Structures are given as structure tokens and as C-alpha cells.
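Q:
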Amino acid sequence: MATCGFCLICGILMGCGRVRAASPITAIAFTPSGDGVVIGSQQGVELLGWPELGRQRHWPLGAMQVHDLAFAPHGKQLAIAGGDPAETGKLLVLDWPAADDKTPRTISSAHK
């Protein structure tokens, strides 16, 4: 069901022409407050306002590809999972809501 929901939302965002991503969207999550959508791709993580989908913030993550996004149940942290295929796996955490000077911190770097 989660995969179907992901496909549906990505299809809506891309199909209606409202989001133009430089690379494929690989992960998506609504913010805990419901007024934003966080998307992940090879370009990093972006926060879009909801429902207008205007870009509010971008966190570049270098060469890391984002594979999954999830908010903690209390809504105060965003987990970002990804890495470099066949090279490394990473788990980053961003305190939420993110201050302008905050960048995700690495919690784990696996299978190097």
C-alpha cells in the first residue's frame, strides 16, 4: 500500500506539471503539520509548500542518493536514508522544523 501511495502522489505531482525535478523523485513525505511535502532525489532533499508546491528549502547532500524519508512519530526529526549504490549506505537525521542554518547530521554510515 505504501508503494502505491508513493506512486500515486508522485504521479499527481509530476503529471499535473506542478513539480519539475532535475532528477527522478525517489522518496516523498508530508510534513507533520501537513502544510508541506518533502521530496528526495539524487539532487538532495527539498521542502515544497502544500498545496501550491512552491520550493521553500533545499538541502544538497552531495553524491548521496535519497531512497527513503520518514518523520519520527513526535514530528521533530526527519530521517533520510540513502547512499551511493554498491558503495555506502547512510542514515541522516534533520531536526524539524529545520532552521535555515541546519544541515542533516550523519547518524550511521554502513556497508563501506
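According to this note's numbering, the sequence shown is numbered sequentially starting from 75. Note that CB positions come from ideal geometry on N, CA and C, so glycine has one too. Here the structure is a predicted model, which means the values were calculated and not measured.
#1: Could you round the C-beta distance between GLN139 and THR180 to whole angstroms and report it? I think they count as a contact, below 8 Å.
#2: For a minimum of 3 consecutive residues, which ranges assigned as the beta strand (DSSP E) are wholly contained in the region 116-163?
#3: How would you label LYS176, buried or exposed, when you count the other beta carbons within 10 angstroms and need 16 or more for buried?
#4: Measure the alpha-carbon distance for ASP158 versus LEU143 and round it to whole angstroms.
#5: Apart from the five residues on each side of it in sequence, which residues of its chain come closer than 6 Å, Cβ to Cβ, to LYS150?
#6: On the CB-based measure, 16 or more other CB atoms within 10 Å of its CB, does GLU120 come out buried or exposed?
#7: Would ALA172 and TRP133 be called neighbours here (beta carbons separated by less than 9 Å)?
A: Quick answer:
#1: Walking along the sequence shown from the start, residue 139 turns up at place 65. Walking along the sequence shown from the start, residue 180 turns up at place 106. Not confirmed; about 15 Å, so no contact.
#2: Within the region 116-163, the complete beta strand (DSSP E) runs of at least 3 residues are 118-123, 129-133, 139-145, 151-158.
#3: Against the sequence shown, residue 176 aligns to sequence position 102. When all chains shown are included, LYS176 counts as exposed.
#4: As a first step, residue 158 must be located in the sequence shown, where it is residue number 84. As a first step, residue 143 must be located in the sequence shown, where it is residue number 69. Going by the C-alpha atoms only, they are around 16 Å apart.
#5: As a first step, residue 150 must be located in the sequence shown, where it is residue number 76. TRP170, listed in sequence order.
#6: As a working note, residue 120 is residue 46 in the sequence shown. Under this definition GLU120 is a buried residue.
#7: Here residue 172 is taken as the residue at index 98 of the sequence shown, counted from 1. Here residue 133 is taken as the residue at index 59 of the sequence shown, counted from 1. Contact: yes.
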